[in-house]
Amino acid sequence: MNAPQSLPHPAGGAPRPLTTLRTGRRGPVLDIELHDPGQGNAVTETMLDELLAVLTTAEPGVRVIVLSGAGDDFCLGGDRTEYAGFLDHDPTGGGIRASATKGRLVCEALSGNSAVTIAKVHGKAIGAGLGLALACDLRVGSDTASFRLPELALGLPTAWGGLLPRLLNEVGAARVRELVLTGRSFDAHEALSLSVLQKVVPEDRLDDAVAAWARPVVRRPEGALRVTKTLLNSYTAPTRLADTSALDAELMAAVLAATHYTRNEGTVHQM
Numbered sequence: 446m447n448a449p450q451s452l453p454h455p456a457g458g459a460p461r462p463l464t465t466l467r468t469g470r471r472g473p474v475l476d477i478e479l480h481d482p483g484q485g486n487a488v489t490e491t492m493l494d495e496l497l498a499v500l501t502t503a504e505p506g507v508r509v510i511v512l513s514g515a516g517d518d519f520c521l522g523g524d525r526t527e528y529a530g531f532l533d534h535d536p537t538g539g540g541i542r543a544s545a546t547k548g549r550l551v552c553e554a555l556s557g558n559s560a561v562t563i564a565k566v567h568g569k570a571i572g573a574g575l576g577l578a579l580a581c582d583l584r585v586g587s588d589t590a591s592f593r594l595p596e597l598a599l600g601l602p603t604a605w606g607g608l609l610p611r612l613l614n615e616v617g618a619a620r621v622r623e624l625v626l627t628g629r630s631f632d633a634h635e636a637l638s639l640s641v642l643q644k645v646v647p648e649d650r651l652d653d654a655v656a657a658w659a660r661p662v663v664r665r666p667e668g669a670l671r672v673t674k675t676l677l678n679s680y681t682a683p684t685r686l687a688d689t690s691a692l693d694a695e696l697m698a699a700v701l702a703a704t705h706y707t708r709n710e711g712t713v714h715q716m
């Protein structure tokens, strides 16, 4: 992985270095590593901004994008401390709404990218972390990887980045219902059986598995690859007619703001 790249400053000033990602270019392959291992690569506002900037900045000749995580885990989900700060600043949920909207845009930038996107998963992929992986075209996991959707137990709706409609489309309603309502962990082999993963290998073979997928893809003509990805996305869209992912931000903000208000109201009554 190369040293962190810089992003153009929005006001046209000096470039801003990446702080939560590391990126590297290997010919037609762009590597993006979530890089905040001390926090389990938790999804923060900064990480979303940086992911969105990297994914939507055109790099000529990129045919494959590989998304991975630094440290012990792929991604432990959203940063709940940051959510609490958003609510303290704006109890109506404006900060939550803006952050969740960015989450949807990031996931759409992964799934709709003209390059083939590959998630390389190890350790835990929880909540929003699972959402990021699921937005990728291809997903390989180590045989010790695990997955969980804890949102309901945390008082949150399963509404982030279009995660729920993607799960329903890939896995099926009956199995998704059980995973969401119980919030239980499931391992890599069950993830493979559910099509959450398409391949499971020992952790030291993850790079080999990614390379085996990338090699034929990078040889495909660019125009044909772009059109084929568009066709795949278009043909799967009709199976998600009730995709309300555009409302994820509103749902997340409404639930968290209501919970925040109730807790604060209770505190006032007890004074």
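The sequence shown begins at 446 in our numbering and counts up by one.
A virtual CB, placed ideally from N, CA and C, is assigned to each residue, including glycine.
The DSSP assignment places complete alpha helix (DSSP H) segments of no fewer than 4 residues inside the stretch 504–551 at 525–534, in order along the chain.
Within the same chain, Cβ atoms closer than 8 Å to the Cβ of A554 are found at L496, L497, L500, T501, the five residues on either side in sequence being excluded. W605 is positioned such that its CB atom lies no closer than 8 Å to that of A657. According to the DSSP assignment, A682 belongs to no beta strand (DSSP E), since it is labelled neither H nor E.
With fewer than 16 other CB atoms across the displayed protein chains lying within 10 angstroms of its CB, T589 is exposed.
Residue G557 holds the alpha-carbon nearest to the alpha-carbon of V672 among G557, H480, L624. Among the bridge pairs identified by DSSP, R467 is matched with E478. In the structure shown, A570 adopts extended strand secondary structure according to DSSP, grouped into three states.
The continuous stretches of alpha helix (DSSP H) do not include L642, and DSSP gives it neither H nor E. For the stretch 616–661, the full-length alpha helix (DSSP H) segments reaching 4 residues or more read 618–627, 633–638 along the chain. Three or more Cβ pairs closer than 8 Å define a contact, and the stretch 566–586 meets that threshold against the stretch 628–645. For R542 and L601, the gap between their C-alpha atoms comes out near 13 Å.
By DSSP's assignment, A564 forms a beta bridge with L512, R584. The three-state reading of DSSP puts R461 in strand, counting E and B together.
For the pair R508 and V663, the CB atoms are nearer than the 8 Å cut-off.
In this structure, R461 lies away from H480, with their beta-carbon atoms at least 8 Å apart. If you check the CB distance, I510 and L532 do not come in under 8 Å. As the crow flies, the alpha-carbon of C520 is around 33 Å from that of A669. Excluding its 5 nearest sequence neighbours in each direction, A487 has C-beta neighbours in its own chain below 6 Å: L521, D524, listed in chain order.
Between the alpha carbons of L676 and S559 lies a gap of roughly 11 Å. Where L493 is concerned, the enclosing alpha helix (DSSP H) starts and stops at 490–501. In the structure shown, the three-state DSSP call for S556 is helix. The residues E478, K565, in chain order, have a CB closer than 6 Å to that of S513 in the same chain once the five nearest residues on each side in sequence are set aside. Membership of R664 in any beta strand (DSSP E) is not indicated, and neither H nor E is assigned to it by DSSP. Of all alpha-carbon atoms in A654, R650, R665, V616, the one lying nearest the alpha-carbon of V641 is that of V616. Remark: C-beta atoms of A570 and A578 approach each other more closely than 8 Å.
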